[in-house]
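Notes for the one structure printed next.
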Ligand SMILES: [Zn+2]
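Residue numbers (the numbering used here): 102 to 558.
Structure follows, in structure tokens:
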């Protein structure tokens, strides 16, 4: 495998050479569990799922994606809705898993929860204090950004940007306005743990430094997330980890995906264009959502539109039509080399998708049923590396969204098709056409084939 990925740290595409041949360790920042994930949050999880699938072909991959279950946003939300923090986080983690499953994600190797790794965080903070990278002030422990010459090397921010970007609250106990919190005091209302610095809780950044080290060691292959995490989150993770473990430790490659807009605008609650994965799943199958999320290159901004979703649905329909009649015999190694080539070139998913359509065209033109079947197997295996084709073709076409629950069910459709066949036998073609139109009005397409009438939603 000659995988090249754009490394944010060096601002260029680089050949990925794992630390240990045949092994690969990657860490992706998971959700802060206080609410449903929105489609912008879902994009990195889908992208890194494809990277995971690709790497698994040639390496033993250790994929760690954390859950942040201690955070001020969680405390605030729990107060707002009058729930306990425990109930809120347990429920939100359940929702997250449901959504990720619906989007066809593989489970990571480990999904550590921050609250289960506080001792590791405390040990790391103590290490940073001992090495002169952190100091205590009024029950807080702060990272001294001045103590690390390389601070800012990932985001390439200058000092003023670092201060402005840190969006720091007025905190008189900070030696430098850009210093960030590693530990902060908790009161009896807020979750907290005993520590050498009093009863308190960790800052967000230290969670990922401690958990990545726990599962992947001080140095590992790749760290990923959305571009919005480069600063301050990833810059601070890097400062903590290299502060604790020495220069040139921590992630060797950094991979970040572009942001998502909705109809050309930034998604926000105030603009009313905030779409959760759950809402999108009410209308569209998870694969349709996955398809649109990978239809642009991961480093590009992605625009989420109804039109794009409809196009994704039609594209998948076209591909699934080509998989009708495929006898599944587990040909997972039949992946098209051009698709692998596209993915190995900085995860070029749009190119991989267009190649799937080329294969579909070849299937439609195939002269013999043997070559047709071979191409179908290649199509299926190639789509599966992108996390597509998780359904049998007939299940794809008969799938009905929750939003369409009131529309015709499978039995209604089958009996209308039977009526239409009878009408045609009786040579009552206008009645047959009427049934076809009625079904079409409900979004049901009929296709008359030598083997009978096929239908799809
Ligand atoms: Zn993180």
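Built from N, CA and C at the ideal position, the CB exists for glycine as well.
Span separating the alpha-carbon of residue i from that of residue j
i: residue 376; j: residue 204; result: 15 Å
i: residue 406; j: residue 366; result: 10 Å
i: residue 557; j: residue 140; result: 27 Å
i: residue 482; j: residue 286; result: 52 Å
i: residue 550; j: residue 415; result: 20 Å
i: residue 255; j: residue 390; result: 31 Å
i: residue 176; j: residue 291; result: 7 Å
i: residue 120; j: residue 321; result: 7 Å
i: residue 413; j: residue 281; result: 43 Å
i: residue 208; j: residue 198; result: 9 Å
i: residue 253; j: residue 336; result: 6 Å
i: residue 181; j: residue 372; result: 21 Å
i: residue 395; j: residue 490; result: 14 Å
i: residue 492; j: residue 374; result: 30 Å
i: residue 183; j: residue 211; result: 31 Å
i: residue 115; j: residue 350; result: 18 Å
i: residue 157; j: residue 542; result: 44 Å
i: residue 110; j: residue 289; result: 41 Å
i: residue 194; j: residue 187; result: 11 Å
i: residue 117; j: residue 459; result: 28 Å
i: residue 134; j: residue 185; result: 13 Å
i: residue 511; j: residue 496; result: 11 Å
i: residue 469; j: residue 553; result: 21 Å
i: residue 438; j: residue 245; result: 49 Å
i: residue 239; j: residue 382; result: 47 Å
i: residue 323; j: residue 150; result: 13 Å
i: residue 517; j: residue 112; result: 59 Å
i: residue 529; j: residue 539; result: 16 Å
i: residue 506; j: residue 384; result: 10 Å
i: residue 164; j: residue 108; result: 18 Å
Sequence-distant residues of its chain with Cβ nearer than 7 Å to residue i (five each side left out)
i: residue 358; result: 144, 145, 148, 327, 328, 399, 400
i: residue 152; result: 448
i: residue 284; result: 226, 241, 242, 296, 298, 301, 303, 304
i: residue 537; result: 521, 547
i: residue 138; result: 132, 197, 200, 377, 378
i: residue 273; result: none
i: residue 363; result: 374, 376, 405
i: residue 461; result: 419, 420, 423, 480
C-beta contact flag for residue i and residue j at 8 Å
i: residue 474; j: residue 423; result: no
i: residue 172; j: residue 305; result: yes
i: residue 325; j: residue 526; result: no
i: residue 379; j: residue 200; result: yes
i: residue 352; j: residue 249; result: no
i: residue 397; j: residue 403; result: yes
i: residue 189; j: residue 178; result: yes
i: residue 232; j: residue 344; result: yes
i: residue 166; j: residue 131; result: yes
i: residue 102; j: residue 445; result: yes
i: residue 484; j: residue 441; result: no
i: residue 509; j: residue 479; result: no
i: residue 524; j: residue 533; result: yes
Beta-bridge partners of residue i, as assigned by DSSP
i: residue 351; result: 320
i: residue 451; result: Answer by DSSP bridge pairing: none, since residue 451 is not bridged.
i: residue 139; result: 377
i: residue 235; result: 244
i: residue 127; result: 164, 323
i: residue 107; result: 114
i: residue 356; result: 325
i: residue 281; result: 244
i: residue 366; result: 363
i: residue 301; result: 286, 294
i: residue 556; result: 547
i: residue 405; result: 363
Same chain, Cβ closer than 6 Å to residue i, five either side skipped, listed in chain order
i: residue 311; result: 218, 221, 222, 225
i: residue 443; result: 449, 452, 453
i: residue 386; result: 500
i: residue 264; result: 278, 279
i: residue 294; result: 219
i: residue 555; result: 548
Cβ shell of residue i (< 8 Å), same chain only, five flanking positions each side left out
i: residue 230; result: 236, 237, 242
i: residue 308; result: 167, 169, 171, 215, 218, 222
i: residue 465; result: 423
i: residue 161; result: 123, 124, 125
i: residue 369; result: 375
i: residue 346; result: 314, 319, 320
i: residue 259; result: 253
### Query
Who's in the neighbourhood of ligand 1, going by beta-carbon under 5 Å from any heavy atom, listed in chain order?
Matched residues: 130, 309.
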